[in-house]
Amino acid sequence: MGAIDFDSVTKVYDDSSGTVVAVEELDLSVEDGEFLVFVGPSGCGKSTTLRMLAGLETVTDGTIRIDGEAITDKAPKDRDIAMVFQSYALYPHKTVRDNMAYGLKLSTDLTDEEIDRRVTETAEMMGIGDLLDKKPGSLSGGQQQRVATGRAIVREPAVFLFDEPLSNLDAKLRKHMRTELAQIHNELRITTIYVTHDQEEAMTLADRIAVLNGGELQQVGPPKQVYARPANHFVADFIGSPSMNFVDVTLDGQHLRLDGPDDDWSYEVSDGLAEIVADAGVTEYIIGVRPEDVRLGDDAPAGKTVEGTVEVVEVVGSDNFIYLESGGQEFRYRAPTEVEPAVGETLTVTFDEDHIHLFDRDSGEAVAHGTSEADGSSRAVSRSVTAED
Amino acid sequence: MLNDTRRTRTLLYLGLGAIALWALLPYLWVLRTSFLDSFTAIDPNAPYLPSLDNFTLKSYGQVWSRFDFVTFFTNSIIVSLGATVISLAFAIPSAYAFARLDFPGRKLLFYTAVFTIMFPWIVLTIPVYEVFTWLNMINTLEAVIIALSIFTLPQAIWLLQGFFRQGIPENIEEAALLDGHSELTAFLRVVLPLSLPAVAAAGLFSFIIAWNNFLWVFILTTDKSQRTATVAIHYILGSDVMRQWNVLMASAVLLIVPPVIFYTLAQRYVGEGIGGGY
């Protein structure tokens, strides 16, 4: 069992250089067996949250519970938690076998034979059976990563914590290990909290993603929901690669007009969307469109197109990423391989109203996704998802 | 091209050889003189490498038979080991605290400790003498041990805190905490074994400083029975009885032997310790 509750958890660093709020009033529930990924830019508080859960950082305010029991003041060893660090943190003076067995020796009453059996079994499962008598210094990065994961698995804890465990691996190995971690989780179904700044890692691994920024929870939800219905401008910008196109617009009747130096385009919206937008009571918006939702607009109705000059064409094999300049703003278009315009060429593109995300320019909160109303403020979204759990 | 490289390398080795010879010459001269008979040792016409007939081990025998070098060396060993152990016993926890813990006045305390490394000991002789007189400890080996451990402590702290800060990743300690250790046992069972190279380096430096120390032994002891070998040689050199350079050099060679043995035993670790990694 390993259901986790963060109840108004706050972390404040107070030193001679000033006060920094690393995590602010985090409310979040994680179900037993769930794979939750904390994602966000550097300094967003994701690692601090993980370390507070592990007991490696004190909690300034609030309570953390595992299976309903408050663990906020418990020592790390009494929390039934195993953690994989970015640097692996293997004991360099111990063999792989001893590294894996150490936690069991210290924290359980198991016999040496039983410990050895579990270590061997786990090592076989991780594909490191032949490395058991080697020291970490003689292993490659990928092997060390496997040992670190094996060391956590062999403990059979209530909760696994991963703090950017794949960041030190090369791209190919990272993808491979990602798949392995997903398989291990499917097999063991132990509650896992995983911290990464890599949104692709977050999307592929998570049952739910929790997006953090500036110590505040921005949104929590299944990957598809976070991608398709970002709660605010930050989430929309952070999730997705290449990132979403954003253009500052002003509502003018049934037109969203570009706020640029040239004011040379506007986008005509339907009555339904205009109504939602009017209800929000704001006139200044950011319109967001994902590059993959943009398409060539030669046959699109007038008033629904954007004309831009091709600045860069990136050929990535499966697609072409085309960067357009329109009204002083950059517009990214993920095009099929056959669309490969020359630099300087003028291209007309369009996007469906269903794919538009509108954000209040002041607060950054989502107002509408396509023709449906957004779920409310980001806080409301995160709390409602938490409450459903 | 190949010849150029070879020529450069030859010149480099010749240069290095010359510098090494220059540095080693005094030691070689001490070694040479210690093995000569009394007359050849002071004969200005003696060649740099005298004939084998003039070489003898007599001077080494005289060191032990004519002077109480057994006592002097025993005192040196007691004082040096005592100072090293006490210095490390205090340096290890304090260096760890400076490296890892955040407490008020940490920087001030640390820089004060480091500053004392640069402080010339000679200006402290009178206050230190007064303190030990007040403690009624003058003329005891304990006084010398305490004085030496205090004066070797800052350097040991400085060396060890650098290692704790850079040589032992914090994550390893954190992994130990999650594996079932308390903070104290994580330090004793995980950090300390990993820090052996640095502890060996700090211990070696403390031992050498204490072994070679002249000032505190000279200031704090007057009894012959409390002298260490370093001070004893000074008295022998200053006495009228002794102008036998071969015997003096033999005692100097004997003085060098223990630190060399100590270094040889510790050198496997020391390089790593100074390097700051494991």
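Top to bottom, those sequences are chains Z and X. Taking the working numbering, the leading residue of the first sequence gets 260, the next gets one more, and so forth. Taking the working numbering, the leading residue of the second sequence gets 774, the next gets one more, and so forth. Quick reminder that beta carbons are idealized off the backbone N, C-alpha and C, glycines included.
Following the DSSP letters along the chain, one finds lysine 483/Z inside the alpha helix (DSSP H) bounded by residues 482-487. Counting along the chain, valine 548/Z sits inside the beta strand (DSSP E) bounded by residues 543-548.
DSSP places histidine 616/Z in the uninterrupted beta strand (DSSP E) bounded by 616-619.
Counted as a single uninterrupted DSSP element, the stretch harbouring valine 963/X is not any alpha helix (DSSP H), since DSSP gives it neither H nor E. Considered as a whole, the segment 892-918 of chain X harbours no complete run of any beta strand (DSSP E) with no fewer than 3 residues. At a beta-carbon threshold of 7 angstroms, the residues of chain Z lying near histidine 954/X are Lys336 and Leu365, ordered along the chain. Boundaries cannot be given for phenylalanine 876/X, as no alpha helix (DSSP H) includes it and DSSP labels it neither H nor E. The closest CA to that of serine 500/Z, considering only Ala461/Z, Val508/Z, Arg467/Z and Leu471/Z, is found on Ala461/Z.
For alanine 281/Z, the uninterrupted beta strand (DSSP E) run begins and ends at 277-289, by DSSP. Against chain X, the CB of methionine 342/Z has a partner CB under 8 angstroms away; the residue lies at that interface. In this structure threonine 1003/X is buried. Its beta-carbon is surrounded by 16 or more other beta-carbon atoms within 10 angstroms. By the CB criterion at 8 angstroms, glutamate 316/Z and threonine 307/Z fall inside the cutoff.
Distance from valine 279/Z to alanine 465/Z at the Cβ level is roughly 27 angstroms; contact not present, criterion being Cβ atoms closer than 8 angstroms. Here DSSP, grouped into helix, strand and coil, assigns glutamate 946/X to helix. It is roughly 32 angstroms from the alpha-carbon of histidine 435/Z to the alpha-carbon of valine 282/Z. Around the Cβ of threonine 781/X, a 10 Å sphere holds fewer than 16 other Cβ atoms; the residue is exposed. With a beta-carbon spacing of about 19 angstroms, proline 560/Z and tyrosine 592/Z fall beyond the 8 angstroms limit used to define contacts. Contact between isoleucine 545/Z and histidine 614/Z does not hold, since the beta-carbon distance rounds to 15 angstroms and is not under 8 angstroms. Counting along the chain, aspartate 375/Z sits inside the alpha helix (DSSP H) bounded by residues 371-385. Residues of the segment 349-374 of chain Z with a C-beta atom less than 7 angstroms from some C-beta of chain X are Tyr350, Pro351, His352, Tyr361, Gly362, Leu365 and Ser366, listed in chain order. At least 8 angstroms separates the beta-carbon of leucine 809/X from that of phenylalanine 840/X.
By the Cβ rule, the segment 896-908 of chain X counts as touching the segment 985-1000 of chain X, because three or more pairs are nearer than 8 angstroms.
Taking a beta-carbon distance threshold of 8 angstroms, isoleucine 945/X counts as an interface residue toward chain Z. Taking a contact to require three or more Cβ pairs closer than 8 angstroms, the segment 362-377 of chain Z and the segment 402-418 of chain Z qualify as touching. Between valine 406/Z and isoleucine 387/Z, the C-beta gap is smaller than 8 angstroms, which places the two residues in contact.
Its Cα nearest to that of arginine 356/Z, the residue Met385/Z stands out among Ile452/Z, Met503/Z, Met385/Z and Asp457/Z. In the DSSP assignment, tyrosine 350/Z falls outside any beta strand (DSSP E) and carries neither an H nor an E. Using a Cβ-Cβ cut-off of 9 angstroms, alanine 856/X is close to nothing in chain Z; its nearest Cβ partner there is about 29 angstroms away.
In the three-state reduction of the DSSP assignment, methionine 260/Z falls in the coil class, being assigned neither a helical nor a strand state. Per the coordinates, the alpha-carbon of serine 529/Z lies some 20 angstroms from the alpha-carbon of phenylalanine 505/Z.
The contact set of serine 500/Z on chain X, defined by CB atoms closer than 7 angstroms, is empty, because the minimum CB distance reaches about 29 angstroms. Taking the C-beta atoms as reference points, leucine 993/X is found nearer than 8 angstroms to valine 917/X. Here the C-alpha atom of glycine 629/Z lies approximately 15 angstroms from the C-alpha atom of histidine 514/Z. One Cα belongs to tryptophan 984/X, the other to valine 852/X, and the distance between them is close to 8 angstroms. Per DSSP, reduced to three states, the secondary structure at valine 318/Z is coil, with no helix or strand assignment.
For valine 963/X, the nearest beta carbon of chain Z is closer than 8 angstroms to its own beta carbon.
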